[in-house]
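Numbering (our numbering), first residue to last: 30 to 684. In this text, a Cβ means the ideal position worked out from N, Cα and C, and glycines have one as well. All values derive from a computational prediction rather than experimental measurement. Comments concern the structure below.
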């Protein structure tokens, strides 16, 4: 029995255990080797393959790229008198990347330094910072005074993300003089930054705080701004610069020389002072503008520093509307100033001849109508030819011409003279006026064009509006026998370092008004010469005894219509409802070298109110032409005297 239940004792299998042990050892060795290989691979990646990336990341903790703003180009008049320069000032800036609470830091600095920032200003600063790289500075305030600089220095430990920078700031030494032509720069806002980003120019403005907003400053921003530079600097843990590793200097913007003559510019401002209106003087051969006046004007310097809401609202609420550019944006009925242009159309279309007689009655009537389109002279003018019609500005002659021509032909020819389109002047603030047509009236008023609409167009009234620069350009084209003239302000642009050649602006010279006989232009100009030199000319009194022979055309534009049998009485009308005065003239008669166009709002007749202004401008032009070139001291003294007289007048007004 005992043998049945007996189980023999089993001894340990040493061979099997050894095999298991060896397998375990081998597995452990493999794991160790794999681990070592992974570690070595990672080390190789860090030390060799990823060296450049991690080296750069490391350097970013101690090396910074600081963009450098280029000096903005200066602006001069044709005599090299400075119109826009740069002046040093201190600005307060902040680096968003280094700020834990950007809004809190800005508000704290505003309270500490009494910066007078409104909540809207702070919102705009934060909004702008979002369009810049976080490590680049965003300006909080500029023109920081010495007391504010000192107070910031004492408290800088509280605002480690902020710093003071010394910058060049745009300055307009003549204040409100030619603001509408020069324009101004102002702080870059979020909209500007968005546009620069879309155009691929954001990097070039990384260190810039301002950009051209209007006028020449805006139109030639690409020339004036320059090219940004940069410096690579080593900084400590607090962000303080220890040394400069590399420097690429910024390239200054180009200096611009305008065709403006500051003496003629200031003279024009004197003549329009206290009036609402505009004046442009140009060379009809090449379009160079010598004077560009919009009155009243305003000082652009507050816009540069950051105009306060109160100041801006005062400009907006000013009943004289100084922000409007009355040379390029004001829309005015051209009145009788367009009669010579219509005469060219009539000659080309065989509707009139220079010497054909026409009886100028007291009024014109459409066939089958009882409505009377009255002449400005209540008893009419009697017999006349084309020359006399222009000389005495006979309305009935041009009523008849317009009626027979029709609106389609009038629109076609006046378009060739540049009406209803931009003039090409080198500023962006320009309106196109309104050269009416059948299609325009249908779209605007949902009514068909009727013959009565055309009659008013014949004397530059009705639906027709132009800008002063359009009017000047149209008459310049007339003086050049239909050759195009593009008004422009820029004369030359050059690199202040002298490394790049000057850029010369050349006008276009294609013929835009084609007629079969260039004598048609000459006949129209002869009519204008009789306006000033003829026995009945509407401008003869204003130009009496000139040493040069000028030719011109007056215009008196009605603002409100009066009843058929009523007599115009300016005193009984609201001031803003009174007639506008216009006058356009060129000189000398043969080979004209100067053209002046003037609009004076709500002041009366063109021959009485606007013609003397044109005469005074031409007198000064020919006086300067006959004299030696002015010295810098002479121009300085002239400018000083005129600006002093302006200041004295302002004091009298305040009293």
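Worksheet item: Can you name, in chain order, every residue of its own chain whose Cβ lies under 7 Å from the Cβ of residue 533, other than the five neighbours on each side?
Response: Along the chain shown, one-based indexing puts residue 533 at 504. Cβ neighbours of residue 533 beyond the five flanking positions: 521.
Worksheet item: So does the segment 185 to 202 actually touch the segment 254 to 261, counting three or more Cβ pairs closer than 8 Å?
Response: no
Worksheet entry | Residue burial classification, residue 666 (beta-carbon count within 10 angstroms, cutoff 16) | Your numbering for residue 666 matches position 637 in the chain shown. The residue is exposed, with fewer than 16 neighbouring Cβ atoms inside 10 Å.
Worksheet item: So, using beta-carbon positions, are residue 436 and residue 498 closer together than 8 Å?
Response: Looking up residue 436 in the chain shown gives position 407. Looking up residue 498 in the chain shown gives position 469. No, these two residues do not count as a Cβ contact at 8 Å.
Fill in: Continuous alpha helix (DSSP H) stretch holding residue 195: start and end
As a first step, residue 195 is located in the chain shown; it is residue number 166 there, counting from the start. Residue 195 -> not in any alpha helix (DSSP H); beta strand (DSSP E) instead, spanning 191 to 200.
Worksheet item: Since residue 650 contacts residue 293 with CB under 8 Å, what's their CB separation in whole angstroms?
Response: Position 621 of the chain shown, counting from 1, holds the residue named residue 650. Position 264 of the chain shown, counting from 1, holds the residue named residue 293. Their Cβ separation, rounded to whole angstroms, is 6 Å, which keeps residue 650 and residue 293 in contact under 8 Å.
Fill in: residue 115 versus residue 282 - alpha carbon distance
Looking up residue 115 in the chain shown gives position 86. Looking up residue 282 in the chain shown gives position 253. Cα-Cα distance, rounded: 12 Å.
Discussion item. Taking 8 Å as the cut-off, does the segment 499 to 510 touch the segment 363 to 377 (at least 3 CB pairs, one atom from each stretch)?
Written reply: yes
Worksheet item: Sorted by chain position, which residues of the same chain lie with C-beta nearer than 7 Å to residue 313's C-beta, five sequence neighbours on each side aside?
Response: Against the chain shown, residue 313 aligns to sequence position 284. For residue 313, same chain residues with a beta-carbon under 7 Å away, outside a window of 5 residues either side, are 505, 508, 509, 514, 615, 621, 624 in chain order.
Practice prompt. Return the CA-CA distance between residue 418 and residue 475, expressed in angstroms with no decimal places.
Written response: Here the question's residue 418 lines up with position 389 in the chain shown. Here the question's residue 475 lines up with position 446 in the chain shown. The straight-line gap from Cα to Cα measures roughly 35 Å.
Practice prompt. Give the secondary structure of residue 496 by DSSP, where H, G and I count as helix, E and B as strand, and everything else as coil.
Written response: Residue mapping note: residue 496 aligns to position 467 of the chain shown, counting from 1. Residue 496: coil per DSSP, three-state reduction.
Fill in: Euclidean distance between Cα positions of residue 465 and residue 201
By one-based count along the chain shown, residue 465 stands at place 436. By one-based count along the chain shown, residue 201 stands at place 172. So the two alpha carbons sit approximately 40 Å from each other.
Practice prompt. Determine the direct distance from the alpha carbon of residue 71 to that of residue 194, and round the result to whole angstroms.
Written response: As a first step, residue 194 must be located in the chain shown, where it is residue number 165. As a first step, residue 71 must be located in the chain shown, where it is residue number 42. Taking the straight line joining both Cα atoms gives about 45 Å.
Worksheet item: Should the segment 602 to 610 be called in touch with the segment 270 to 280, which here means at least 3 C-beta pairs below 8 Å?
Response: no
Practice prompt. Check the C-beta distance from residue 483 over to residue 426 and give it rounded, since I have them as a contact under 8 Å.
Written response: Translated into positions along the chain shown, residue 483 becomes position 454. Translated into positions along the chain shown, residue 426 becomes position 397. Not really, about 15 Å apart at Cβ, beyond 8 Å.
Worksheet item: Quick one: what's residue 243 bridged to in DSSP?
Response: Position 214 of the chain shown, counted from the start, is the residue given in the question as residue 243. Per DSSP, 213.
Discussion item. Nearest by alpha-carbon distance to residue 6: which of 382, 415, 375 is it?
Written reply: What is shown of the chain runs 30 to 684, which leaves residue 6 out entirely.
Worksheet item: Which residue's Cα is closest to the Cα of residue 559: 545, 618, 530?
Response: Here residue 559 corresponds to residue number 530 of the chain shown, with the count starting at 1. Comparing C-alpha distances from residue 559 to each of 545, 618, 530 shows the shortest one belongs to 618.
Item to complete: Whole angstroms is fine: what's the gap from residue 58's alpha carbon to residue 69's?
Response: For the purposes of this step, residue 58 is taken as the residue at position 29 of the chain shown. For the purposes of this step, residue 69 is taken as the residue at position 40 of the chain shown. Residue 58 and residue 69 have their C-alpha atoms some 16 Å from each other.
Worksheet item: Going straight from the alpha carbon of residue 99 to that of residue 328, what length do you get?
Response: Along the chain shown, one-based indexing puts residue 99 at 70. Along the chain shown, one-based indexing puts residue 328 at 299. Roughly 25 Å separates the two Cα atoms.
Fill in: Host alpha helix (DSSP H) of residue 369 (start-end)
As a first step, residue 369 is located in the chain shown; it is residue number 340 there, counting from the start. Unbroken alpha helix (DSSP H) run through residue 369: 368 to 377.
Worksheet item: My guess is that residue 351 and residue 584 are in contact by the Cβ rule of under 8 Å, so how many angstroms apart are they, rounded?
Response: Mapped onto the chain shown, residue 351 falls at position 322. Mapped onto the chain shown, residue 584 falls at position 555. Not really, about 24 Å apart at Cβ, beyond 8 Å.
Worksheet entry | Residue range of the alpha helix (DSSP H) that includes residue 550 | Reading the chain shown from its first residue, position 521 is the one you call residue 550. Residue 550 -> alpha helix (DSSP H) spans 548 to 562.
Worksheet item: Counting Cβ pairs, one atom from each stretch, are 3 or more of them under 8 Å apart for the segment 663 to 677 and the segment 287 to 305?
Response: yes
Worksheet item: Which first and last residues belong to the beta strand (DSSP E) in which residue 324 is found?
Response: Start at 1 with the first residue of the chain shown, and residue 324 comes out as number 295. Where residue 324 is concerned, the enclosing beta strand (DSSP E) stretches over 318 to 324.
Worksheet entry | Cut-off 7 Å between Cβ atoms - residues of its own chain near residue 34, not counting five sequence neighbours on either side | Position 5 of the chain shown, counting from 1, holds the residue named residue 34. Bear in mind that a pLDDT of 48 at residue 34, under 50, signals an unreliable position, so the model cannot answer this.
Worksheet entry | Range covered by the alpha helix (DSSP H) that runs through residue 647 | Taking the chain shown and counting its residues from 1, one reaches residue 647 at position 618. Taken as a continuous stretch (DSSP letters only), the alpha helix (DSSP H) holding residue 647 covers 640 to 655.
Item to complete: With DSSP as the reference, label residue 519 as helix, strand or coil.
Response: Taking the chain shown and counting its residues from 1, the one referred to as residue 519 is at position 490. Here residue 519 sits in strand by DSSP.
Worksheet item: Beta-carbon separation of residue 556 and residue 377 under 8 Å?
Response: For the purposes of this step, residue 556 is taken as the residue at position 527 of the chain shown. For the purposes of this step, residue 377 is taken as the residue at position 348 of the chain shown. Contact: no.
Practice prompt. Let me know the secondary structure DSSP gives residue 333 once reduced to three states.
Written response: By one-based count along the chain shown, residue 333 stands at place 304. In this structure, residue 333 counts as helix in the three-state DSSP scheme.
Worksheet item: Helix or strand or just coil, what does DSSP make of residue 222?
Response: Looking up residue 222 in the chain shown gives position 193. The answer is helix: DSSP assigns residue 222 an H, G or I state.
Worksheet item: Going along the chain, which residues of its own chain have a beta-carbon closer than 6 Å to the beta-carbon of residue 110, five neighbours each way excluded?
Response: Here residue 110 refers to the residue found at position 81 of the chain shown. Around residue 110: 291, 664.
Practice prompt. To the nearest angstrom, report how far apart residue 128 and residue 106 are at their CA atoms.
Written response: As a first step, residue 128 is located in the chain shown; it is residue number 99 there, counting from the start. As a first step, residue 106 is located in the chain shown; it is residue number 77 there, counting from the start. Going by the C-alpha atoms only, they are around 45 Å apart.
Worksheet item: Do you know whose CA, among 562, 167, 479, 213, lies nearest residue 398's CA?
Response: One-based indexing of the chain shown puts residue 398 at position 369. Cα-wise, what sits closest to residue 398 is 479.
Discussion item. Using only the alpha-carbon positions, how far apart do residue 538 and residue 233 sit?
Written reply: Here residue 538 refers to the residue found at position 509 when the chain shown is read from its first residue. Here residue 233 refers to the residue found at position 204 when the chain shown is read from its first residue. Their Cα atoms are separated by approximately 36 Å.
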